[in-house]
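These notes are about the structure you will find just below.
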Amino acid sequence: MGKFYITTAIDYVNAVPHIGHALEKLQADVLARYHRSRGDETWFLTGTDEHGAKIARAAEAAEKKPEVFTNETSEKFAALKEVLNLSFDDFIRTTDEKRHFPGVELMWKKLVASGDIYKKKYRGLYCVGHEAFVTQKDLVDGKCADHEKEPEVVEEENYFFKLSKYSEEIGKRIRSGEFQIVPEGRKNEILSLIRSGLEDVSFSRPRKDLSWGIPVPRDPEHTIYVWADALTNYLSAIGYGRNEEYAKWWPADVQVVGKDILRFHAAIWPGMLLSARLPLPKTLFVHGFITADGRKMSKTIGNVVDPAALVEKYGTDAVRYYLLREIPSGEDGDYSEKKFKERYNTDLANGIGNFISRTYQLAHMFQAGSDEKIIEKDVQFKAEATAHLVDEKIQEFKLNEALEAIMDFIRFGDGYVNKTEPWKLPLSDASKVTWNLIFIAEKVSELLMPFLPGTADEIAKKVETMKNPTYADGKFGNPKIPPKPLFPRLL
Ligand code: MSP
1126 MGKFYITTAI
1136 DYVNAVPHIG
1146 HALEKLQADV
1156 LARYHRSRGD
1166 ETWFLTGTDE
1176 HGAKIARAAE
1186 AAEKKPEVFT
1196 NETSEKFAAL
1206 KEVLNLSFDD
1216 FIRTTDEKRH
1226 FPGVELMWKK
1236 LVASGDIYKK
1246 KYRGLYCVGH
1256 EAFVTQKDLV
1266 DGKCADHEKE
1276 PEVVEEENYF
1286 FKLSKYSEEI
1296 GKRIRSGEFQ
1306 IVPEGRKNEI
1316 LSLIRSGLED
1326 VSFSRPRKDL
1336 SWGIPVPRDP
1346 EHTIYVWADA
1356 LTNYLSAIGY
1366 GRNEEYAKWW
1376 PADVQVVGKD
1386 ILRFHAAIWP
1396 GMLLSARLPL
1406 PKTLFVHGFI
1416 TADGRKMSKT
1426 IGNVVDPAAL
1436 VEKYGTDAVR
1446 YYLLREIPSG
1456 EDGDYSEKKF
1466 KERYNTDLAN
1476 GIGNFISRTY
1486 QLAHMFQAGS
1496 DEKIIEKDVQ
1506 FKAEATAHLV
1516 DEKIQEFKLN
1526 EALEAIMDFI
1536 RFGDGYVNKT
1546 EPWKLPLSDA
1556 SKVTWNLIFI
1566 AEKVSELLMP
1576 FLPGTADEIA
1586 KKVETMKNPT
1596 YADGKFGNPK
1606 IPPKPLFPRL
1616 L
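Encoded structure:
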């Protein structure tokens, strides 16, 4: 038992949430729930990133004041808590003057105190989509490859952060595993960038060009660079700049981010932390990207998938299951309605749902026949092996493989019913089989808990009923009426 501090990237509020944002928050949620269940004192932070040119322009396009616009969109991200049954403990907004600003100001002062902030005239190509300067080699036909827009030529006097000074130290910490980057491929990607030498980063924009942000302490003519502002959320939320509480949680045990922002989290952020003389996070877990029908989600194509709409149609746990099982953690994956329905019917309706309802019906028929609760050796063995494998997979951040192990256990349970055919056995033997099935159902409920908390609860309630039948004749309900399915089949 220890402490477990987990964070996600904070989402830009220029547009509403999509299933890519949902995927990341769900992955972090599984890890948080898992650690809580193991008795670790857990803190799960998420939030929204609300400053910078991208947001200021989105507000302008919506003809709203940035304050009003960001309030409205940020709420939609915060609402994912209910939509997806997320267990985050805190939600930080970078526009929060009381909680976030003091942390950013303190961070800035620490960088200055270390001699790592200097002023420089600069000419560069700025990609608003990235909220970062890009170089010619990032462009395809003169446009940013990710955002398909031409960067803007910016010539201004900025404050710079001496990231180059920390290049070697960051590389050392990553190579030694002190700062772990998962998966291995992402670690190698950042190490190769570091090998070519990290360059200093522009850390401010002139206020006259960008006023939507936090002013540079003692030089309000400049606005702190949106990434320097945003990255500091991981500290400001837990008290940095306001009190000493942050030392209880920092360093983060796991930071979950997408592959597109690896460089910010594995180079700039550790550089800032080293400069501010703070420990580096223990692990950075980098997930892949989710496409819709094989294409990047985009407003122009009109294929942006709204997690709230999916949940409305199929339910929270169905959406949690799809995103956590279909998308290999750490790699890219795809959403399509067809694949969603296939997964749902195979794994949820015919898999988990059917096994639980079979068990329930068999318990109806046979459970009262014997008090002998003998768990067979191979059932016990399979349960233990599954629990072990699930633990291992979660610790390796292979959440989809952990779910697959649970599904395999359910298939084992189905196989056990098919093999023993309890309906052909004398009542006392049928009852023994039933106890084994109830045991499997209970283990399934425990294992599913971090992934599908709602379903795990429902199964746990059914297990309670099966273990303690309340009807006078020792049975419960009417065996002729099958229980409501956990996951009705989709057509
Ligand atoms: N605001 C920055 C992060 C600042 S963290 C200090 C940002 N915001 S974002 O809204 O563009 O992305 C938020 C997170 O969602 C990132 O980790 C990003 O990788 C992830 N995703 C955005 N689109 C995604 C997919 N299509 N698929 C999976 N994750 C995606 O970057």
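All you need for my numbering is the position in the sequence shown, starting with 1, plus 1125. All residues carry an ideal CB built from backbone N, CA and C; glycine is no exception. Just so we're clear, the structure is a prediction, and the values are computed from it rather than from any experiment.
Notebook entry, point to check: If you check the beta carbons only, do residue 1332 and residue 1348 fall under 9 Å apart?
Noted result: As a working mapping, residue 1332 is identified with position 207 in the sequence shown. As a working mapping, residue 1348 is identified with position 223 in the sequence shown. Yes; because the gap between Cβ atoms is below 9 Å, this pair is in contact.
Checklist line | Cβ of residue 1151 within 9 Å of any chain C Cβ | finding: Given the protein chain composition of this structure (a single chain), no chain C is represented.
Checklist line | Counted within 10 angstroms of its Cβ, other Cβ atoms place residue 1198 as buried (16 or more) or exposed | finding: Here residue 1198 is taken as the residue at index 73 of the sequence shown, counted from 1. Per the 10 Å Cβ criterion, buried.
Checklist line | Reference residue 1147, options 1196, 1130, 1182, 1207, closest by Cα | finding: Locating residue 1147 in the sequence shown gives position 22, where the first residue counts as 1. Ranking the options by Cα distance to residue 1147, first place goes to 1207.
Notebook entry, point to check: With distances taken from CA atoms, which of 1558, 1581, 1557 is nearest residue 1568?
Noted result: In the sequence shown, residue 1568 corresponds to position 443, counting from 1. Nearest of 1558, 1581, 1557 to residue 1568, Cα basis: 1581.
Checklist line | Contact set for residue 1461: own chain, Cβ-Cβ below 6 Å, skip 5 residues either direction | finding: Locating residue 1461 in the sequence shown gives position 336, where the first residue counts as 1. For residue 1461, where only same-chain residues beyond five positions count, the Cβ hits under 6 Å are 1418.
Check: Which same chain residues, not among the five before or five after residue 1288, have their C-beta less than 8 Å away from its C-beta?
Finding: The residue you call residue 1288 lines up with position 163 of the sequence shown. The beta carbon of residue 1288 sits closer than 8 Å to those of 1323, 1324, 1325, 1326, 1392, 1393, 1396, all from its chain and outside the five residues before and after it, given in chain order.
Note to self: With a threshold of 8 Å (Cβ to nearest heavy atom), would residue 1548 be considered close to the ligand MSP?
What the structure shows: Here residue 1548 refers to the residue found at position 423 of the sequence shown. Residue 1548 Cβ: outside cutoff for every heavy atom of the ligand MSP.
Note to self: Could you check whether the region 1216-1233 touches the region 1271-1283, counting it as contact only if at least three pairs of C-beta atoms, one from each stretch, sit closer than 8 Å?
What the structure shows: No, the region 1216-1233 is not in contact with the region 1271-1283.
Check: Given residue 1176, which residues of its chain have a CB within under 6 Å of its CB, disregarding the five upstream and five downstream residues?
Finding: As a working note, residue 1176 is residue 51 in the sequence shown. Result list for residue 1176: 1219, 1337, 1338, 1351, 1354, in chain order.
Margin query: Taking the alpha-carbon of residue 1390 as reference, which of 1408, 1281, 1429 has the nearest alpha-carbon?
Written below: Residue 1390 sits at position 265 when you count from the first residue of the sequence shown. Closest option to residue 1390, Cα to Cα, is 1408.
Check: Would you call residue 1188 buried or exposed, if buried means 16 or more other Cβ atoms sit within 10 Å of its Cβ?
Finding: Stepping through the sequence shown from its first residue, residue 1188 is reached at position 63. Residue 1188 comes out exposed.
Next item on the list: Answer with buried or exposed for residue 1299, where buried requires no fewer than 16 other C-beta atoms within 10 angstroms of its C-beta.
Entry: Here residue 1299 corresponds to residue number 174 of the sequence shown, with the count starting at 1. By the 16-neighbour rule on beta-carbons within 10 angstroms, residue 1299 is buried.
Next item on the list: Go ahead and label residue 1576 buried or exposed: buried means 16 or more other beta carbons lie within 10 angstroms of its beta carbon, across all protein chains shown.
Entry: Numbered from 1 along the sequence shown, position 451 holds the residue referred to as residue 1576. Here residue 1576 is buried: its Cβ has 16 or more other Cβ atoms, across all protein chains shown, within 10 Å.
Check: Since residue 1339 is in the beta strand (DSSP E), which residue starts that stretch and which ends it?
Finding: Here residue 1339 corresponds to residue number 214 of the sequence shown, with the count starting at 1. Annotation for residue 1339: no beta strand (DSSP E) segment contains it, and DSSP assigns it neither H nor E.
Notebook entry, point to check: When the Cβ atoms of the region 1136-1143 are set against those of the region 1161-1176, are three or more pairs found closer than 8 Å?
Noted result: Touching, yes.
Check: Would you say the beta carbon of residue 1174 comes nearer than 8 Å to a heavy atom of the ligand MSP?
Finding: As a first step, residue 1174 must be located in the sequence shown, where it is residue number 49. Residue side-chain check: residue 1174 places its Cβ nearer than 8 Å to a non-hydrogen atom of the ligand MSP.
Checklist line | Residue burial classification, residue 1506 (beta-carbon count within 10 angstroms, cutoff 16) | finding: For the purposes of this step, residue 1506 is identified with residue 381 of the sequence shown, where counting begins at 1. Answer is exposed; the Cβ neighbour count stays below 16.
Next item on the list: Over the uninterrupted alpha helix (DSSP H) stretch that includes residue 1250, give me the two end residues.
Entry: Here residue 1250 refers to the residue found at position 125 when the sequence shown is read from its first residue. Looking at the DSSP string, residue 1250 is not in any alpha helix (DSSP H); the run it does join, the beta strand (DSSP E), is 1242-1252.
Item checked: Three-way DSSP call (helix, strand, coil) for residue 1448 in this model -> Translated into the one-based positions of the sequence shown, residue 1448 becomes position 323. Helix, per DSSP.
Check: In chain order, which continuous runs of the beta strand (DSSP E) of length 3 or greater are located wholly inside the region 1379-1446?
Finding: Taken in chain order, the unbroken stretches of beta strand (DSSP E) that lie wholly in the region 1379-1446 and span 3 residues or more are 1379-1383, 1408-1412, 1415-1417.
Next item on the list: Could you tell me if the beta carbon of residue 1451 falls within a distance shorter than 8 Å of some heavy atom in the ligand MSP?
Entry: Here residue 1451 refers to the residue found at position 326 when the sequence shown is read from its first residue. Not under cutoff, so the answer is no.
Margin query: At the level of alpha carbons, what is the spacing between residue 1307 and residue 1383?
Written below: Translated into positions along the sequence shown, residue 1307 becomes position 182. Translated into positions along the sequence shown, residue 1383 becomes position 258. If you take the alpha carbons of residue 1307 and residue 1383, they lie about 11 Å apart.
Checklist line | beta strand (DSSP E) segment containing residue 1460, residue limits | finding: Walking along the sequence shown from the start, residue 1460 turns up at place 335. Counted as a single uninterrupted DSSP element, the beta strand (DSSP E) harbouring residue 1460 occupies residues 1458-1460.
Next item on the list: Could you check which residue in 1153, 1447, 1368 has the C-alpha nearest to that of residue 1467?
Entry: Here residue 1467 refers to the residue found at position 342 of the sequence shown. Cα-wise, what sits closest to residue 1467 is 1447.
Check: Should residue 1617 and residue 1473 be called a contact, given that it needs their Cβ atoms to be closer than 9 Å?
Finding: Outside the shown range of the chain, which is 1126 to 1616, sits residue 1617, and nothing can be said about it.
Margin query: Under DSSP, the alpha helix (DSSP H) around residue 1227 begins and ends at which residues?
Written below: On the sequence shown, residue 1227 is found 102 positions in, with the first residue counted as 1. In the DSSP annotation of this structure, the continuous segment of the alpha helix (DSSP H) that includes residue 1227 starts and ends at 1226-1238.
Check: How many Å lie between residue 1128 and residue 1520 at the Cα?
Finding: Position 3 of the sequence shown, counted from the first residue, corresponds to residue 1128. Position 395 of the sequence shown, counted from the first residue, corresponds to residue 1520. Looking at the two C-alpha atoms, the distance is approximately 15 Å.
Notebook entry, point to check: Below 9 Å between beta carbons: does that hold for residue 1625 and residue 1150?
Noted result: No information on residue 1625 is available, as it lies outside the stretch 1126 to 1616 that the chain covers here.
Notebook entry, point to check: Does the region 1450-1457 come close enough to the region 1584-1592 that 3 or more CB-CB pairs lie under 8 Å?
Noted result: These segments do not touch.
Check: For residue 1218, which of helix, strand or coil comes out of DSSP?
Finding: Start at 1 with the first residue of the sequence shown, and residue 1218 comes out as number 93. Of the three classes helix, strand and coil, the one that applies to residue 1218 here is strand, per DSSP.
Next item on the list: On a CA-only basis, which of 1363, 1546, 1511 is nearest residue 1483? Give me that one, please.
Entry: Numbered from its first residue, the sequence shown carries residue 1483 at position 358. Restricting attention to 1363, 1546, 1511, the CA atom closest to the CA of residue 1483 is found in 1546.
Notebook entry, point to check: Going by alpha carbons, who is nearest to residue 1201 out of 1144, 1178, 1160?
Noted result: Taking the first residue of the sequence shown as 1, we reach residue 1201 at position 76. Residue 1144 holds the alpha-carbon nearest to the alpha-carbon of residue 1201 among 1144, 1178, 1160.
Next item on the list: Please find out if some non-hydrogen atom of the ligand ZN comes closer than 8 Å to the beta-carbon of residue 1232.
Entry: Among the ligands in the structure shown, the ligand ZN does not appear; only the ligand MSP can be found there.
Note to self: Please tell me whether, using a cut-off of 8 Å, the distance from the CB of residue 1338 to the nearest non-hydrogen atom of the ligand MSP is below it.
What the structure shows: Looking up residue 1338 in the sequence shown gives position 213. For residue 1338, the shortest separation between its Cβ and any heavy atom of the ligand MSP does not lie below 8 Å.
Item checked: Beta-carbon contacts of residue 1211 that lie in its chain and below 7 Å, excluding the five residues immediately before and after -> As a first step, residue 1211 is located in the sequence shown; it is residue number 86 there, counting from the start. Same-chain partners within the cutoff: 1150, 1154, 1205.
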